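Residue numbers (full-length UniProt numbering): 1 to 765.
Note that CB positions come from ideal geometry on N, CA and C, so glycine has one too.
Since the structure is predicted, the reported quantities are computational estimates derived from the model, not experimental observations.
Here is the structure we will look at, set down as structure tokens.
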């Protein structure tokens, strides 16, 4: 009995120890849990706001609030946005009104810039009897500011691979356009346009990216399609907000949500910066080590990323690091800081820095495209001393030429000028920057450079184009080239807002769809008159320089004498002698007087031949779609020149040669029936007989000779447009309209036959 109570006493003690443990666990589980944070949703994610207009969107609670909860949502605009206001700036949700959506109005002034920005929403959860807490994140709203009028896209130039986007997507033809043609997808409202060598990219007002043209290297972002002839959205970026795009030769880069960079296309030189070994990458991929990117610039085999801090990251080849190493990832360039504008051509680049104000260039220096006064290449950025302290509005780089636009609206260009793409009216390369005289007194708003042509937007609401135009990329209505800026009159009255040039095509964004025909004719006449005056001015300057006079004065007056203070003349004897202009070295009296090489022109065809720069077909761009047509045109022109009357030297006249006399004698002997059966046509005895007594032939009637006085060797050579006069007899050739008969003609072998016969006659002698 004693042990039983003891055991009974031990059991209660164990039971007594258990309740404290159970009480502790129950206290933890009975603590009140925090409710989930409330969720606020927006009614729309993208807005299009026109200048001077208003637009509203709503905020609504997606969860129920407790009686002691309040949610305050602050509406925040970016600091860099001006002319935009929101009302109200804060929204309060309580238990009583959480079911009602709260409206937020956005207003834009008439002077607001055409830009895209995001409105951020910062929610805060407030307890009436407790501390404030953070609520769930609210999605931002992207706003695109648009002009009051609608926007339209016009394309012209080469339509190879469908880069113009003006044809039906299932049309097999490559439609080229010499005049501005509306984009096939007229519903597309453009926010930004970028052009590559053979493809085009457009960002619409909803921040969606569309690409079309050549896609064999994957530059369109389409995984299973090579070429696209109509604007097609990039599938992987459909649910993203694309804010900026840039096109290289065969690759594309874009910025998403104003911070992340994506790249796709050709990667043969590592220009995508993705550190991939594959040469082609068809789908957009994010570049992870590039945060906070402000803009991207693409070119031939390299790419640049401009950060918000002003630093520049580059990848690919020819990127200004001081070496020739190709890089496959974006690397910061230590030579470039505080960069504000950056542009890149095929093999060179140009940048404008803000601290200090300077312009730097690097890359290939051929044709003077760097503007440093020579053709040497630079592996590191070199300073253009002429632009130190100059406020620059835009810089641009083309195939072999460059351009710079100041804030005062002055346009300066330099570089290769083989096709007149510099716009100075000449065809010689410019090694230093040169201000275009055609835009004197005008304000140039934008400039874009293609591979061999240039396009500018001027404040007179006109688009000017010049350079190589045989693909129709100048938009002049034909395939001519121009060394002077000409108005693209088919766009007159459409109020253009932006221009962009590709390899052989041009894209212009306008606010009106139809042009004014009256304004077209006025702009055409004005442009032709301005070009004619500029040609006359250049011709006059050239003649003054040839005469040894200053081009800006009609007489050879010493300018230093005019700068001296005037002296008082007391008498006629003290009158200083008149200044005698510097005499040119006298020409020999035997030389003929100087005459202008340009002869009077009476027809339009000759006018075009003289005024237009004729480039040999072998020197024309071989990548052009019309290279074959140009080659055939030149060959047919050469054949036509062969069919025209030519001058033959008298010594080569076949009637006065001994070999010809022998052949005539053989022919006369063969005509006799007795000789046909017995005599060999090439018998040496017959040749000996004909040698001493050649038969006489009647002289053919010859046209009168043009007696032209010969020039002495001391006189400079004269060049003529067309055929030079000759003192010899002009022997007309037989004109055969059949091209096949002309090509099958064996007259070219006559020289070989004469050579063989002359050797035989020498052996007979």
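For residue i: DSSP bridge partner residues
i, result
"residue 80", "None; residue 80 has no bridge partner."
"residue 383", "360"
"residue 467", "453, 482"
"residue 123", "73"
"residue 265", "251, 281"
"residue 60", "41"
"residue 286", "262"
"residue 90", "74"
"residue 766", "The chain is shown from 1 up to 765; residue 766 falls before or after that span and cannot be answered."
"residue 213", "199, 228"
"residue 462", "458"
"residue 327", "316"
"residue 239", "Note: residue 239 sits in no beta bridge, so no partner."
"residue 274", "329"
"residue 118", "142"
"residue 190", "204"
"residue 55", "106"
"residue 167", "DSSP lists no partner for residue 167."
"residue 245", "254"
Residue from the options with nearest C-alpha to residue i
i, options, result
"residue 274", "237, 329, 77", "329"
"residue 429", "467, 459, 368", "368"
"residue 292", "310, 75, 497, 43", "310"
"residue 394", "461, 339, 438, 476", "339"
"residue 502", "522, 484, 398, 403", "398"
"residue 288", "278, 267, 255, 318", "255"
"residue 388", "357, 525, 382", "357"
"residue 484", "519, 359, 436", "436"
"residue 59", "198, 45, 40", "40"
"residue 453", "411, 442, 472, 439", "472"
"residue 188", "176, 177, 207, 178", "207"
"residue 125", "491, 71, 669", "71"
"residue 474", "138, 167, 85, 179", "179"
"residue 353", "364, 341, 361", "341"
"residue 108", "52, 223, 276, 268", "52"
"residue 218", "259, 198, 234, 264", "264"
"residue 534", "229, 209, 425, 379", "425"
"residue 380", "195, 202, 336", "336"
"residue 89", "67, 183, 119, 62", "119"
"residue 490", "156, 325, 210", "156"
"residue 181", "167, 191, 193", "167"
"residue 102", "95, 91, 111, 112", "91"
Integer-rounded CB distance, given that residue j should sit under 8 Å from residue i
i, j, result
"residue 294", "residue 144", "That pair is no contact at about 18 Å."
"residue 461", "residue 499", "The Cβ separation is near 13 Å, so there is no contact."
"residue 416", "residue 346", "Contact flag wrong, Cβ pair sits at about 11 Å."
"residue 401", "residue 449", "6 Å"
"residue 332", "residue 304", "Not confirmed; about 11 Å, so no contact."
"residue 236", "residue 283", "6 Å"
"residue 76", "residue 138", "So it is not a contact: roughly 11 Å between Cβ atoms."
"residue 392", "residue 404", "6 Å"
"residue 233", "residue 220", "Not quite, the Cβ-Cβ distance comes to about 11 Å (not below 8 Å), so this is no contact."
"residue 363", "residue 327", "With 8 Å as the limit, residue 363 and residue 327 do not qualify as a contact, their Cβ atoms being about 15 Å apart."
Boundaries of the alpha helix (DSSP H) in which residue i is found, first to last residue
i, result
"residue 524", "517-546"
Check: residue i C-beta below 8 Å from any heavy atom of the ligand SAH
i, result
"residue 76", "The ligand SAH is not part of the structure shown, which contains no ligands of any sort."
Element boundaries [beta strand (DSSP E), containing residue i]
i, result
"residue 340", "339-344"
"residue 401", "401-406"
"residue 152", "152-157"
"residue 778", "No statement about residue 778 is possible, as the shown extent of the chain runs from 1 to 765 and does not include it."
"residue 197", "That residue, residue 197, is in no beta strand (DSSP E); it is neither H nor E in DSSP."
"residue 50", "46-50"
"residue 504", "It is not in any beta strand (DSSP E) - residue 504 carries neither H nor E in the DSSP assignment."
"residue 393", "392-397"
"residue 145", "141-146"
"residue 102", "102-108"
"residue 180", "177-182"
"residue 353", "348-353"
Where are the beta strand (DSSP E) runs, 3 residues long or more, that stay fully inside the UniProt repeat "RCC1" (409-460), in chain order? 411-415, 430-435, 444-449, 453-458
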